[in-house]
Amino acid sequence: MQRRKQQPVSSEIPTPTDTNTVNTTSTNSNSNMGWLEDVNDADYVPPSQRGVLFFSTLPRDMHPHEVCLHFNRFGRITRQRFIPFPPTSSSSAGSKSKKSKKSSIPHFMHAYLEFARKEDAARAAAAMNGTPVVCKRRRRCYGQLWTVQFAAEITWDTLRSEREAAVRQRRAAVVAARGAERAMNEAYRRAVAMAASRRSSHRKKNMNSNNNNKNNEEEEKEMKKEVVVVEDNNSNSNSIKKRKREAKGEGEGERGGGKEATGKKKKQRKEERE
Numbered sequence: 001m002q003r004r005k006q007q008p009v010s011s012e013i014p015t016p017t018d019t020n021t022v023n024t025t026s027t028n029s030n031s032n033m034g035w036l037e038d039v040n041d042a043d044y045v046p047p048s049q050r051g052v053l054f055f056s057t058l059p060r061d062m063h064p065h066e067v068c069l070h071f072n073r074f075g076r077i078t079r080q081r082f083i084p085f086p087p088t089s090s091s092s093a094g095s096k097s098k099k100s101k102k103s104s105i106p107h108f109m110h111a112y113l114e115f116a117r118k119e120d121a122a123r124a125a126a127a128m129n130g131t132p133v134v135c136k137r138r139r140r141c142y143g144q145l146w147t148v149q150f151a152a153e154i155t156w157d158t159l160r161s162e163r164e165a166a167v168r169q170r171r172a173a174v175v176a177a178r179g180a181e182r183a184m185n186e187a188y189r190r191a192v193a194m195a196a197s198r199r200s201s202h203r204k205k206n207m208n209s210n211n212n213n214k215n216n217e218e219e220e221k222e223m224k225k226e227v228v229v230v231e232d233n234n235s236n237s238n239s240i241k242k243r244k245r246e247a248k249g250e251g252e253g254e255r256g257g258g259k260e261a262t263g264k265k266k267k268q269r270k271e272e273r274e
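Numbered as in UniProt numbering, the sequence shown ends at 274 without a single skipped number.
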């Protein structure tokens with residue numbers, strides 16, 4: 001047998017021919033990258049081969065970890081989803097008593113469990129559906145029945161897509177509500193601005209009309225004053241003319257009377273001479 005020559009150890013990056021070094025680096029990378037553990041796990045099952053259980057109702061006072069403990073004996077549970085009841089006004093109140101906290105309504109409304117294999121999910125549904133819950137008598141879930149069914153047509157991807165679609169619809173509804181509220185606010189602001197502009201225009205018109213009325217009144221007063229002044233002037237001129245006429249008449253009368261007196265005196269003198 002020929003002995004192989006020993007190759008010197010180099011610090012270069014290992015090539016695909018160096019199988020030992022490649023395996024060590026892959027194990028180190030797997031240990032550092034946790035998200036590849038499921039891919040490299042021997043028990044990995046693709047999502048198409050997994051089974052989903054649907055719980056239409058859950059027993060009262062039953063928590064998710066307890067549900068998993070009851071169904072974990074049928075197979076490996078990969079994922080779970082529990083849908084709680086929507087909050088009510090009584091539950092959102094600030095002051096709560098112990099009795100109100102321990103209400104008869106169950107904590108969760110629906111639930112989904114994903115098994116690694118469809119056969120395990122079908123077997124769990126057939127075995128547990130309609131059977132009473134195994135718990136203590138003091139608990140509220142005592143005497144209640146499991147309502148489970150194997151959803152062969154449902155996969156976890158469909159559940160995720162439905163959840164994402166619900167989230168998108170909720171966001172779209174919120175955006176639409178905000179847009180409608182914004183439009184209402186803008187319409188209200190426009191209406192207020194239009195009303196303010198109309199008021200200002202009416203005020204300006206009233207101010208102009210008032211100013212015009214004042215100007216007209218002042219003009220009428222001035223016209224009246226002018227008319228009064230003209231009438232006074234006319235009356236004064238007429239009175240002056242009358243006075244002049246009267247003065248002229250008196251003067252003429254006095255002149256006529258003087259002539260008569262002089263004539264009489266002349267006649268008397270003639271008679272005396274004769």
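Every residue, glycine too, gets a C-beta built ideally from N, C-alpha and C.
On the three-state DSSP scale, how would you describe residue i?
i, result
"residue 276", "An answer regarding residue 276 cannot be provided, because it is not within the stretch 1 to 274 covered by the chain."
"A151", "strand"
"M33", "At M33 the pLDDT is 44, less than 50, meaning the model places this residue with poor confidence and gives no usable figure here."
"V22", "Its pLDDT being 38, under 50, V22 is placed unreliably in this model, and the value from its coordinates should be taken loosely. It is helical."
"P47", "helix"
Using only alpha-carbon positions, find the residue among the options that is nearest to residue i.
i, options, result
"S119", "K244, R182, N185 and S48", "Ser is not the amino acid found at residue 119; the sequence shown has Glu there. Per the Cα distances, S48."
"Q144", "V45, E217, P59 and L53", "P59"
"M62", "R198, A195 and F108", "F108"
"Y112", "V174, T131, W156 and A126", "W156"
"K163", "M194, N212, I83 and E219", "The sequence given here places Arg at residue 163; Lys does not occur at that position. Looking at the Cα atoms, I83 is the closest of the given residues."
Would you mind reading off the limits of the beta strand (DSSP E) that contains residue i?
i, result
"L53", "G51 to T57"
"Y142", "Unbroken run through Y142: none, as it is neither H nor E."
"H110", "F108 to F115"
Taking the alpha-carbon positions, what's the residue i to residue j distance?
i, j, result
"K267", "R245", "34 Å"
"F85", "A165", "19 Å"
"E37", "T147", "Its pLDDT being 47, under 50, E37 is placed unreliably by the model, and nothing is read from it."
"H110", "N185", "40 Å"
"R137", "H65", "19 Å"
"F150", "V133", "18 Å"
"A122", "Y188", "60 Å"
"K225", "S201", "36 Å"
"V167", "F71", "29 Å"
"E153", "S161", "14 Å"
"R198", "N206", "12 Å"
"F54", "F74", "15 Å"
"S209", "R190", "28 Å"
"T262", "I240", "33 Å"
"K221", "N211", "15 Å"
"W35", "A124", "Here the model assigns W35 a pLDDT of 41, short of 50, so the residue's position is not dependable, and the following value carries that caveat. C-alpha separation (whole angstroms): 29 Å."
"T131", "Y142", "12 Å"
"M223", "A195", "41 Å"
"P46", "A126", "23 Å"
"C135", "Q169", "40 Å"
"A183", "R171", "18 Å"
"A176", "R203", "40 Å"
Could you spell out where the alpha helix (DSSP H) holding residue i opens and where it closes?
i, result
"M128", "K118 to M128"
"F85", "First-last for F85: undefined, no H or E at that position."
"H70", "P64 to F71"
Tell me which same chain residues have a C-beta within less than 6 Å of the C-beta of residue i, skipping the five on either side of it?
i, result
"S56", "T147"
"T78", "E114 and A116"
"A173", "none"
"M128", "W146 and V148"
"R140", "R60 and D61"
Might you give, ordered along the chain, the residues of its own chain that have their beta carbon closer than 7 Å to the beta carbon of residue i, omitting 5 neighbours on each side?
i, result
"A247", "none"
"C68", "I77 and Q80"
Excluding the five sequence neighbours on either side, which residues of its own chain have a C-beta within less than 8 Å of the C-beta of residue i, listed in chain order?
i, result
"L159", "V52, R81 and Y112"
"N216", "none"
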